[in-house]
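Asks: For the sequence shown, position 38 (counting from the first letter as 1) is numbered 38 according to full-length UniProt numbering, and the numbering increases by one without interruption.
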Amino acid sequence: MTKRPSSSISKSWNLTVGLTLCFIILALTGLKAQDGKDRLANRYFEISKTYAYAKTYDSAFVYLNRALNLSPSNLEMRTFKARLHGFTGNFDEGIEVAKGVLRDDHRYVPAYLCLSDLFIWADNKPQALNTVKNGLYFSASNVELLEKKALLEYELGQAAESAETAEKLLYYDPSNDTGQKLRSSLKKEIKRNDAGIIYNLDSYENILGNANALSYYYTRKTGTGPLTIRLNQAIRQGKTGFQLEADWYPRLTKRSYLYLNAGFSASDLFPPLRLGAEYYYNFEKAWEGSIGFRYLQFNQEIRPVLLTGQLGKYFGSNWISGRMFLGFTGVPKVTRSYVFLFRHYYKNPEQWLGLTVAFGFVPEIGTFQNTTNIGIDPESGLPIYLNRTRRIGVSYQQPFNKSWWARLTIGAGQQEMQDFPGIYDDFFWGSIQINHSF
């Protein structure tokens, strides 16, 4: 005889089915309600855009805020709000809104396009270019980003970079009108060669006297990176010496490149051999870092190795960086030195104002190739680079046209006396550089 199910089991089953149906109904109702909210938000958004295109910005903001109240995480609406701020001249507010979108989704390309436009409208094209570069890191083949990058580089006087970007743009979009026009016009404008002269002076108050240095250089912008050949001339203590040196900056990837250096000399004012290498990487948000070494061979006993690294960042139209050297010299065993650099760029990136501060056992200053601090002092025979040095200087670079620019640096400092530790000799220093591009 078959037993009938108990009434308690039947009731439990009915309750489960009932609750499940209730949850399904509630979910469907919620989805329907959310779908209704989304449709209403999109309707408000379309009305906002219509008002914006008619330049009725107050009404555009009203309807956009209604849309965002219904859909606060919508990236497209938030990006459009950033543009609305730009349309009304409130560039700072728009920039903050666009940055907020990228904080939530750093791969959202429309926000990079919007942010770069805001920087352009705020007359900050260098920062607009950095923004576009960051966007291309996540979307390397995006035609809109490539087109904007090529135009910004062209407007900032970076002809070679603009031509390279235009070729990439035409690779992904062969019929792109902007790319074709840039390719045609840049063929006549690209200058792949630089030549110039640099004069450096360190003028000491007491026994060290004056240290003069001249550098004659030629740079060729090759397909793999710029290559520089330089002849350095040092004049100090009644002696004149020469050094032949070469620098190369081969690009490895879109965000990384190398610095390679070699120098040779038969003069006692220079190390017979110097070598250097450094790896640079461009991080997100306009950060750049590097790590490398310098090697100076004065003789078999004095062959210092210097480990070095740099961290820098672009913010707005400014660049700030800090560099550290760790020198393994034997006298003393380990030396430390620091170089801090600040630059403010004007509309033309070839025009800038800079500040350099350095202290410690500084072997290299400014361009990190200053010859006056790594010679041999005739009195003691010790390398000058072993002395403790501190200095500060101001630099200004001014372009005259697309072919010429000049740079002036003036500063002051102190250098520890080799035979009197703890006693410093005051000095003034400066340099003049003239560069011609052709």
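Where a beta carbon is used, it is the ideal one built from N, C-alpha and C, also for glycine.
In this text, all values refer to a predicted model and were calculated from it rather than measured experimentally.
Under 8 Å, do Leu170 and Gly179 count as touching if we go by C-beta distance?
Replies: Numbered from 1 along the sequence shown, position 170 holds the residue referred to as residue 170. Numbered from 1 along the sequence shown, position 179 holds the residue referred to as residue 179. Cβ distance < 8 Å, so Leu170 and Gly179 count as in contact.
Asks: Answer with buried or exposed for Ile197, where buried requires no fewer than 16 other C-beta atoms within 10 angstroms of its C-beta.
Replies: Against the sequence shown, residue 197 aligns to sequence position 197. That one is exposed.
Asks: Following the continuous alpha helix (DSSP H) through Glu96, name the residue where it begins and the one where it ends.
Replies: In the sequence shown, residue 96 corresponds to position 96, counting from 1. That run of the alpha helix (DSSP H) goes Phe91 to Asp104.
Asks: If Phe325 and Val305 are in contact, beta carbons under 8 Å, what's the gap, nearest whole angstrom?
Replies: Start at 1 with the first residue of the sequence shown, and residue 325 comes out as number 325. Start at 1 with the first residue of the sequence shown, and residue 305 comes out as number 305. Incorrect: roughly 10 Å between the Cβ atoms, too far for contact.
Asks: Given this structure, state the Cα-to-Cα distance separating Trp429 from Ala246, to the nearest angstrom.
Replies: Residue mapping note: residue 429 aligns to position 429 of the sequence shown, counting from 1. Residue mapping note: residue 246 aligns to position 246 of the sequence shown, counting from 1. Going from the Cα of Trp429 to the Cα of Ala246 covers about 25 Å.
Asks: If contacts are defined as beta-carbon pairs under 8 Å, then Arg107 and Phe138 qualify, I think. What distance do you get, rounded to the angstrom?
Replies: By one-based count along the sequence shown, residue 107 stands at place 107. By one-based count along the sequence shown, residue 138 stands at place 138. Yes, they are in contact, since the Cβ atoms of Arg107 and Phe138 sit about 5 Å apart, within 8 Å.
Asks: Just to confirm, is the Cβ distance from Ile392 to Leu408 under 8 Å?
Replies: Position 392 of the sequence shown, counted from the first residue, corresponds to residue 392. Position 408 of the sequence shown, counted from the first residue, corresponds to residue 408. No, these two residues do not count as a Cβ contact at 8 Å.
Asks: Quick one: which unbroken beta strand (DSSP E) runs of 3-plus residues sit fully inside the segment 288-316? Chain order, please.
Replies: Runs of the beta strand (DSSP E) inside the segment 288-316: 305-315.
Asks: Counting only the same chain and skipping the five closest in sequence on each side, list residues whose C-beta sits under 6 Å from that of Leu353.
Replies: Taking the first residue of the sequence shown as position 1, residue 353 is located at position 353. Once the five neighbours on either side are set aside, the close Cβ partners of Leu353 are His344 and Tyr396.
Asks: Provide the residue span of the alpha helix (DSSP H) that contains Ile120, from first to last.
Replies: Your numbering for residue 120 matches position 120 in the sequence shown. First-last of the alpha helix (DSSP H) with Ile120: Val109 to Trp121.
Asks: Let me check understanding here. Comparing Cα to Cα, which of Asn130, Asn90 and Arg83 lies closest to Pro110?
Replies: Position 110 of the sequence shown, counting from 1, holds the residue named residue 110. For the residues Asn130, Asn90 and Arg83, the minimum Cα distance to Pro110 belongs to Arg83.
Asks: Let me confirm a value: Ile120 is counted as buried when at least 16 other C-beta atoms fall within 10 Å, else exposed. Which label applies?
Replies: Residue numbering aside, residue 120 sits at position 120 when the sequence shown is read from its first letter. Classification for Ile120: buried.
Asks: Would the beta-carbon of Leu311 fall within 8 Å of that of Gly322?
Replies: Working through the sequence shown from its first residue, we reach residue 311 at position 311. Working through the sequence shown from its first residue, we reach residue 322 at position 322. In this structure, Gly322 lies closer than 8 Å to Leu311 by Cβ.
Asks: Just list the residues that DSSP pairs Phe359 with in beta bridges.
Replies: As a position in the sequence shown, residue 359 is number 359, starting the count at 1. Answer is Tyr338 and Arg390, bridged to Phe359.
Asks: Could you give the residue range of the beta strand (DSSP E) that holds Arg78?
Replies: For the purposes of this step, residue 78 is identified with residue 78 of the sequence shown, where counting begins at 1. Segment Leu75 to Phe87 is the alpha helix (DSSP H) holding Arg78; no beta strand (DSSP E) there.
Asks: Tell me which same chain residues have a C-beta within less than 7 Å of the C-beta of Ala122, skipping the five on either side of it?
Replies: To locate residue 122, count along the sequence shown from 1; it is residue 122. Hits under 7 Å: Phe91.
Asks: Does the distance from the CB of Asp117 to the CB of Leu75 come in under 8 Å?
Replies: Within the sequence shown, the letter at position 117 stands for residue 117. Within the sequence shown, the letter at position 75 stands for residue 75. No, the Cβ-Cβ distance between Asp117 and Leu75 is not below 8 Å.
Asks: Quick check: what's the CA-CA separation for Ile229 versus Val394?
Replies: Locating residue 229 in the sequence shown gives position 229, where the first residue counts as 1. Locating residue 394 in the sequence shown gives position 394, where the first residue counts as 1. Going from the Cα of Ile229 to the Cα of Val394 covers about 26 Å.
Asks: Helix, strand or coil for Leu283 per DSSP?
Replies: For the purposes of this step, residue 283 is identified with residue 283 of the sequence shown, where counting begins at 1. Residue identity check: residue 283 is Phe in the sequence provided, not Leu. Correct three-state label for Phe283: coil.
Asks: Please identify the residue among Ala213, Ala262, Tyr217 and Gly223 whose C-alpha is closest to the C-alpha of Thr240.
Replies: Looking up residue 240 in the sequence shown gives position 240. Per the Cα distances, Ala213.
Asks: For a quick check, are the C-beta atoms of Lys254 and Trp287 less than 8 Å apart?
Replies: The residue you call residue 254 lines up with position 254 of the sequence shown. The residue you call residue 287 lines up with position 287 of the sequence shown. Contact: no.
Asks: Would you mind stating whether Asn193 and Phe438 have Cβ atoms separated by less than 8 Å?
Replies: Locating residue 193 in the sequence shown gives position 193, counting from the first residue. Locating residue 438 in the sequence shown gives position 438, counting from the first residue. Yes. Within cutoff.
Asks: With a cut-off of 8 Å on the beta carbons, I'd call Ala166 and Leu186 a contact; round off their distance for me.
Replies: What you label residue 166 is simply residue 166 of the sequence shown in a count that begins at 1. What you label residue 186 is simply residue 186 of the sequence shown in a count that begins at 1. That pair is a contact at about 7 Å.
Asks: State the start and end residues of the unbroken alpha helix (DSSP H) segment that holds Asn261.
Replies: Locating residue 261 in the sequence shown gives position 261, counting from the first residue. Asn261 -> not in any alpha helix (DSSP H); beta strand (DSSP E) instead, spanning Ser256 to Phe264.
Asks: I believe Leu151 touches Lys168 by the beta-carbon criterion, under 8 Å. Please report the beta-carbon distance rounded to the nearest angstrom.
Replies: For the purposes of this step, residue 151 is identified with residue 151 of the sequence shown, where counting begins at 1. For the purposes of this step, residue 168 is identified with residue 168 of the sequence shown, where counting begins at 1. About 13 Å; that fails the 8 Å criterion.
Asks: Could you tell me the alpha carbon to alpha carbon distance between Ala195 and Leu275, rounded to whole angstroms?
Replies: Taking the first residue of the sequence shown as position 1, residue 195 is located at position 195. Taking the first residue of the sequence shown as position 1, residue 275 is located at position 275. Their Cα atoms are separated by approximately 23 Å.
Asks: How would you label Lys148, buried or exposed, when you count the other beta carbons within 10 angstroms and need 16 or more for buried?
Replies: The residue given as residue 148 occupies position 148 in the sequence shown. It counts as buried.
Asks: In angstroms with no decimal places, state the Cα-to-Cα distance between Asn134 and Tyr249.
Replies: Indexing the sequence shown from 1 puts residue 134 at position 134. Indexing the sequence shown from 1 puts residue 249 at position 249. So the alpha carbons of these two residues sit roughly 21 Å apart.
Asks: So, using beta-carbon positions, are residue 441 and Ala406 closer together than 8 Å?
Replies: Shown here, the chain extends from 1 to 438; a query on residue 441 therefore has no answer.
Asks: Sort Ser267, Thr222 and Leu252 by Cα distance to Leu231 and report the nearest one.
Replies: Start at 1 with the first residue of the sequence shown, and residue 231 comes out as number 231. Looking at the Cα atoms, Ser267 is the closest of the given residues.
Asks: Distance, Cα to Cα, Lys99 vs Phe340?
Replies: As a working mapping, residue 99 is identified with position 99 in the sequence shown. As a working mapping, residue 340 is identified with position 340 in the sequence shown. Going by the C-alpha atoms only, they are around 28 Å apart.
Asks: Buried or exposed for Thr222, please, with buried defined as at least 16 other CB atoms from any protein chain shown within 10 angstroms of its CB.
Replies: On the sequence shown, position 222 is the one that residue 222 refers to. Exposed: under 16 other Cβ atoms inside 10 Å.
Asks: Tell me where the alpha helix (DSSP H) around Ser59 begins and ends.
Replies: Here residue 59 is taken as the residue at index 59 of the sequence shown, counted from 1. Run containing Ser59: Tyr57 to Leu70, per the alpha helix (DSSP H) assignment.
Asks: Please classify Tyr53: is it buried, with 16 or more other beta-carbons within 10 angstroms of its beta-carbon, or exposed?
Replies: Within the sequence shown, residue 53 is the residue found at index 53, counting from 1. The residue in question, Tyr53, is exposed, as its Cβ has fewer than 16 Cβ neighbours within 10 Å.
Asks: Give the straight-line distance between the Cα atoms of Arg78 and Ile190, rounded to the nearest whole angstrom.
Replies: For this step, residue 78 is matched to residue 78 along the sequence shown. For this step, residue 190 is matched to residue 190 along the sequence shown. Roughly 40 Å separates the two Cα atoms.
Asks: Using beta-carbon positions only, say whether Glu301 and Ser290 come within less than 8 Å of one another.
Replies: Along the sequence shown, one-based indexing puts residue 301 at 301. Along the sequence shown, one-based indexing puts residue 290 at 290. No. Outside cutoff.
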